[in-house]
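Asker:
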Amino acid sequence: MFRCATFVGVCVEFVAAVAWLAEMFADPVDRERVLGYTQACASLGGLLVSAVYYWIVTFAGSLPPVRGGHEPWRYMLMSGLIPAIPLIVARPFLPESPIWREKRTAGVLRRPSLAEIFRPRFRRTTVVTTVMVACAYAASFGANLQMPRIVTGLSEVRAMSTTAREQTVGTVQWLQELGGLAGRVALAALAVRIAARRRLIRLFLVPGVAVMPLVFFLAATLSLRLVEYGVFVAGFVTVGQFSFWGNYLPRMYPTHLRGTGESFAANIGGRMIGTGGALITTRLAAAMPGASASEQLAFAAGIVGVSSFLIALVASSRLPEPEGTHLPE
43 MFRCATFVGV CVEFVAAVAW LAEMFADPVD RERVLGYTQA CASLGGLLVS AVYYWIVTFA
103 GSLPPVRGGH EPWRYMLMSG LIPAIPLIVA RPFLPESPIW REKRTAGVLR RPSLAEIFRP
163 RFRRTTVVTT VMVACAYAAS FGANLQMPRI VTGLSEVRAM STTAREQTVG TVQWLQELGG
223 LAGRVALAAL AVRIAARRRL IRLFLVPGVA VMPLVFFLAA TLSLRLVEYG VFVAGFVTVG
283 QFSFWGNYLP RMYPTHLRGT GESFAANIGG RMIGTGGALI TTRLAAAMPG ASASEQLAFA
343 AGIVGVSSFL IALVASSRLP EPEGTHLPE
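So the mapping is simple: my numbering equals the position in the sequence shown, first residue as 1, plus 42.
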């Protein structure tokens, strides 16, 4: 129950922040740059979480006991309170979006409508972006985020002590987040140089079709070092897409629908449908070839990962291009 409540806040926070940032910067180049580099902070958060996990599994035995034990997951959950504190302090001082405030003051701000994003003007944008965002999340949850479970099945990792094994998992996760950060930074740099949005997203989709099978069918069954290189590249091509949507979606809906359109793609497509990739992977694993459960999971993750990239690549041919560089009113 508490996890679901937290997740609701996270989902709303992302959509509201992207819409707000887009409306705060009237100059198109500034807007693209700010949206791109600000979203990179999401991966900085991921790096911090991975570093905290590594520290916790290393020193959990020295921390004050919780419910009579030193389970790392309990300390990890409690660490989630730390970033909430500066958010609570900063929130009251954030200015309202000038566009939103002017429309509301003039009494011309229309109410958002879920049905409106499926009317002819926005239907194609809504459907295509929902499918593509779902694919990005399916690749992340169904493939990349399975790697901590996969890597523990490698023979060289199984031979490690419990603490060393957990540290290895933390390191692999950290490298994946580092790749994601690199992907977000690359997207931010490319967004102001490449006008065609289809071409921009394909710079991540096309390499991903080749990367995912190499990482999960090959590297994940051979050695830890190959996995470490592989998860970095997989994180790059997957997480870079997340920043793409933060730059793209605000340009496709008017002020009163901006949050609604973004939320449907990101939260319905991504977080409700796309995260089901994890369920598909675990269901497929039992039917996969492999000498161990971790190899079976790796093959299943590879199938989900490459399928997600292929579907998104096909769908990108129907992705509408924004009309002009300014936000629609």
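Quick reminder that beta carbons are idealized off the backbone N, C-alpha and C, glycines included.
For clarity, every value in this text was computed on a predicted model and none was experimentally measured.
#1: Give, in chain order, every unbroken run of the alpha helix (DSSP H) that is at least 4 residues long and sits entirely within the region 228-297.
#2: Can you give me the start and stop residues for the alpha helix (DSSP H) that R143 sits inside?
#3: In angstroms, rounded to a whole number, what distance separates the CA positions of A206 and A342?
#4: Please say whether M202 and F351 have beta carbons closer to each other than 8 Å?
#5: On the CB-based measure, 16 or more other CB atoms within 10 Å of its CB, does W115 come out buried or exposed?
#6: May I ask you to report which of helix, strand or coil DSSP gives G111?
#7: Answer with buried or exposed for L260, where buried requires no fewer than 16 other C-beta atoms within 10 angstroms of its C-beta.
#8: Report yes or no: do the region 216-227 and the region 301-309 share at least 3 C-beta pairs separated by less than 8 Å?
#9: Rounded C-beta distance between Q81 and A178? I'm assuming under 8 Å.
#10: Quick check on A320: does DSSP put it in helix, strand or coil?
#11: May I ask which residues mark the beginning and end of the alpha helix (DSSP H) holding P70?
#12: Check whether the Cβ atoms of L223 and S85 lie closer than 8 Å to each other.
#13: Could you tell me which of M120, R191 and R235 sits nearest to T48, measuring between CA atoms?
#14: So, do the region 332-346 and the region 162-173 have three or more beta carbon pairs nearer to each other than 8 Å?
#15: Any contact between the region 266-274 and the region 120-130? By contact I mean 3 or more CB pairs, one from each, below 8 Å.
#16: Taking the straight line between their C-alpha atoms, what separation do you get for E113 and L264?
#17: Give me the Cβ distance between G316 and A180, rounded to the nearest whole Å; I'm assuming they're in contact under 8 Å.
#18: Classify S349 as buried or exposed, calling it buried when 16 or more other Cβ atoms lie within 10 Å of its own Cβ.
#19: How would you call T172, buried or exposed, if buried means at least 16 neighbouring beta carbons within 10 angstroms?
#20: Just curious, the alpha helix (DSSP H) that Q338 is in, first and last residue?
#21: My guess is that W62 and S139 are in contact by the Cβ rule of under 8 Å, so how many angstroms apart are they, rounded?
#22: Which value, in whole angstroms, describes the spacing of the CA atoms of P362 and C83?
#23: Here's a check: name, in chain order, each residue in its chain whose Cβ is nearer than 7 Å to the Cβ of E371, leaving out the five neighbours to either side.
#24: DSSP three-state call for M43: helix, strand or coil?
#25: Go through its chain and collect everything with a Cβ distance to A374's Cβ below 6 Å, but skip five positions before and after it.
#26: Are at least three pairs of beta-carbons, each pair with one atom in the region 233-243 and one in the region 321-331, less than 8 Å apart?
#27: With DSSP collapsed to three states, give me the class of F67.
Answerer: By the coordinates alone:
#1: 239-255 and 266-290
#2: Run containing R143: P140 to A148, per the alpha helix (DSSP H) assignment.
#3: Rounded to whole angstroms, the separation of the alpha carbons of A342 and A206 is 26 Å.
#4: It is not a contact, given that the beta carbons lie outside the stated cut-off.
#5: Classified as exposed, W115 has fewer than 16 neighbouring CB atoms from the shown chains inside 10 Å of its CB.
#6: strand
#7: exposed
#8: no
#9: Rounded, the Cβ-Cβ distance is 13 Å, inconsistent with contact.
#10: helix
#11: From DSSP, the alpha helix (DSSP H) with P70 extends over P70 to F101.
#12: yes
#13: M120
#14: Contact fails: fewer than three Cβ-Cβ distances are below 8 Å.
#15: no
#16: 31 Å
#17: 5 Å
#18: buried
#19: buried
#20: A335 to A357
#21: 5 Å
#22: Using only the alpha carbons, I get a separation of about 27 Å.
#23: Closer than 7 Å at the Cβ level, and outside the excluded window around E371, lie P296 and T297.
#24: coil
#25: As shown, the chain starts at 43 and ends at 371. That puts residue 374 outside it, with no answer to give.
#26: With the cut-off at 8 Å, the region 233-243 and the region 321-331 do not touch.
#27: coil
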